[in-house]
Structure formats: structure tokens, C-alpha cells
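Contents: one structure, followed by commentary.
In this note's numbering, the protein residues as written are 201 to 470.
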């Protein structure tokens, strides 16, 4: 329905007005998402256009993080990654006067690297920014920086995660980024237990397939075969259709879990 409305005369001007109104902004941004997805499907450059719309909407960081996350993941699945189109680092180092636009580009840029597991690249970009500028970054940008530290098992990773949770722990995009980093890290202190603790935060729905997938890995690491198998089976049931790459990751995890030795069964007759 939204795709059809975007083809009507005057739709672009009406959308530009709607994103500035508090009562119409959520619906207008849903239309923006559809419009940018059309550009993604056509193989066109899209990050700058997404950032322009978020700037027009004067989007807060939560709104920017949500839309940037959705579009970046969608683009990756369509072989039109944001990383093909973003050049320069002004949005990280010298954001200029339009900080909402720079914030959106930061979200898209760093999220694109996160989905490709480019922890070192994220750290290198972050380190280019002056400390004074980093202090002005929004919580989602800082959560993506913490993801990179977690994913590379840096000594400061857990402190960065704790600061991020204290700042914005009820935000779904923040929690998913941190859970992703915890899952990706190697031999972080109490790593599996921390995954399970974070997965229990109210930010996650009980049927969130990605959260369930990561908890399955944590249970497997702890040698808890039954819990791991229950979690990965729930993840497979909750996963929407038409996500073959994610489904393959889930099936791979299930195969590893089923290779674990079964817990001993006690003979109840004796």
C-alpha cells in the first residue's frame, strides 16, 4: 500500500511535510523506509538519502538507530551494502552543523561494519575521532563502539558494555549490538553467563529469534545440551521466512549442539 502511495503525484512533498509533524512522523518514516528500500532494490546509492530524511524529521537517536539498523540489514541482504556508498569520515570526525544527518550516517556506517563483523575497522574509525567529539556521540554510536571491543575481546570491552547498558540499556538496538559483541568475543570473562544475563533484559521479546540463537550458543558453551537445544529450536520456529543465510547459521548451531554428549540418564527403576 505504501509503495503505491509513493507513486502518486505530490507524494514526495507531502512526505517531506509529514516527517516534521509529531503526529505523522512514525507513519511518514515507515514510508521513507519503503522508499529507501526501493532504491536499495534498484542497486542505487542510498545512505545519504536515508540520512537526509532522518535530518528532515529531526530524528532523535533512538529513531535514527532503529531506521538505520533496519535499512542497513535490508541492504546487506540485497547485496547493496552501505559500505559500498559511504565515503569519508566527516560524520565521525567533523559532523558540522547538521548533527542529525551526521548521526544517521554514523549509525549506517558502523552498523554496516557490525553486520560484516569488522571489529578492527570500527575501532580504527572510532580512534580517528577527537575525544571531545566522542563525548558528544549518542548512546547507539557508543554501543557500536562497545560491540567492536567485545567482538575483538579487548581488555576494556566489558567496562564499555556496562557503561553502555547504564546509559541506554532499555533500547533494543543497543542491547542487540552488545549481545552480538558478547557472542562474537573469544573467552571474555564469564562470557556465557553474561550472554544469558543480557538476553534476559526486558528489551528482548521472548520469541526474538536472534536472542534465542545467541542464548543457545551460551548454553552450549556451558555444556547444557538440553537448554541449548530448546533455545535453538525455539529460534528456528520464531525465524521469519525468506532468511536463508540466518537459517543456515541457526541450523549450523543446532548441528554443533546435537554433537554434544547427552546428559546421563538415571535409571529410575533402581
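All C-beta atoms in this analysis are idealised placements derived from N, C-alpha and C, irrespective of residue type, glycine included. If you're wondering where the values come from, they're calculated on a predicted model, not measured in any experiment.
By the Cβ neighbour-count rule, residue 335 is exposed, with fewer than 16 other Cβ atoms within 10 Å of its own. Judged by beta-carbon spacing, residue 308 lies within the 8 Å limit of residue 268, meaning their Cβ atoms are closer than that value. Our two residues, residue 249 and residue 341, have alpha carbons roughly 20 Å apart in a direct line.
Taking residue 254 as reference, the option from 413, 284 and 302 with the minimal CA-CA separation is 302. In this structure, residue 220 lies away from residue 275, with their beta-carbon atoms at least 8 Å apart. Approximately 13 Å separates the beta-carbon atoms of residue 393 and residue 417; this is outside 8 Å, ruling out the contact. Secondary structure at residue 452: helix, using DSSP grouped into helix, strand and coil. Residue 373 is positioned such that its CB atom lies no closer than 8 Å to that of residue 282.
Residue 299 sits away from residue 377, with the two beta carbons spaced by 8 Å or more.
Here the alpha carbon of residue 401 sits roughly 8 Å from the alpha carbon of residue 375. Boundaries of the alpha helix (DSSP H) around residue 233: 225-241. The criterion of a C-beta distance shorter than 8 Å is satisfied by residue 361 and residue 350. A direct Cα-to-Cα measurement between residue 329 and residue 433 gives close to 43 Å. Around the beta carbon of residue 332, a 10 Å sphere encloses fewer than 16 other beta carbons of the protein chains shown; the residue is thus reported as exposed.
The Cβ atoms of residue 429 and residue 457 sit closer than 8 Å to each other. For the pair residue 447 and residue 431, the Cα-to-Cα distance works out to about 14 Å.
Under the 10 Å beta carbon count, residue 451 is surrounded by fewer than 16 other beta carbons and is classified as exposed. Short of 8 Å from the beta carbon of residue 460, and not among the five residues preceding or following it, lie these beta carbons of its own chain, in chain order: 420, 423, 425 and 428. The continuous stretches of alpha helix (DSSP H) do not include residue 288, and DSSP gives it neither H nor E. Between residue 322 and residue 354 a beta carbon distance of about 11 Å is seen, past the 8 Å cut, so the two are scored as non-contacting.
Just measuring C-alpha positions, the residue of 385, 365, 387 and 386 sitting nearest residue 398 is 365.
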